[in-house]
Amino acid sequence: MNILLPSYKRILITCFIAFVAYFSTHVFLSKIAIASPALIPEQHMIQEGYVVSKSWNGIRIAKQPISASDKLTNLFKGHTDSIHVEKHPEIGAKPLFHDLKINQKVRIYSDYLRESNPPKTSAYFIEKLS
Numbered sequence: 000m001n002i003l004l005p006s007y008k009r010i011l012i013t014c015f016i017a018f019v020a021y022f023s024t025h026v027f028l029s030k031i032a033i034a035s036p037a038l039i040p041e042q043h044m045i046q047e048g049y050v051v052s053k054s055w056n057g058i059r060i061a062k063q064p065i066s067a068s069d070k071l072t073n074l075f076k077g078h079t080d081s082i083h084v085e086k087h088p089e090i091g092a093k094p095l096f097h098d099l100k101i102n103q104k105v106r107i108y109s110d111y112l113r114e115s116n117p118p119k120t121s122a123y124f125i126e127k128l129s
């Protein structure tokens, strides 16, 4: 016997499943051990700046926050005077960039600054300042 649910019940069940999945993922990610300052070696760099763009595997920081018009134009010309920050390989699978927002002030503890265009570095730990 195949029981079909009315459409509004299917929608309610689907919304409930989506809510539970989102909530459990959000709670799970907040409980994961975040990279801690204890992992930072003695010889490290500290840089402060604003997050001007995010991607899956890194962020870009700059000295000044980015305006709404610059967000659009920087899609095509890139961010000038910014530093590309990636996750350090020693961190492993711990989340480092998932809860950062655009124009959020951060302090980054990293290894060294590689000379490239844009400059790149690998972060051990990111501290949110605002």
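End of the sequence shown sits at 129 in numbering that gives the first Met the number 0; the numbers just go up one at a time, nothing left out.
Beta carbons: idealized from backbone N, C-alpha and C, even for Gly.
A Cβ-Cβ contact shorter than 8 Å links Ser81 with Arg59.
Val105 sits close to Gly48, with the two beta carbons spaced by under 8 Å. In the structure shown, the three-state DSSP call for Phe96 is coil. In this structure Phe96 is not in contact with Tyr108, their Cβ atoms being roughly 14 Å apart against a cut-off of 8 Å.
Here DSSP, grouped into helix, strand and coil, assigns Glu41 to coil. With a 10 Å radius around the Cβ and a threshold of 16 neighbouring Cβ atoms, Ile12 comes out exposed. Annotation for Gly57: the continuous beta strand (DSSP E) segment containing it runs 57–61. Of the residues assessed, Lys62 falls on the exposed side of the cut-off, its CB having fewer than 16 other CB atoms within 10 angstroms.
Ranking Pro118, Lys53, Gln42 by CA distance to the CA of Lys100 puts Lys53 first. Setting aside the 5 residues that flank it on each side, Thr120 is surrounded in the same chain by Met44, Gln46, Ile82, His83, Val84, Glu85, Ile107, Ser109, Asp110, Tyr111, Leu112, Arg113, each with a C-beta closer than 8 Å to its C-beta; the list follows chain order.
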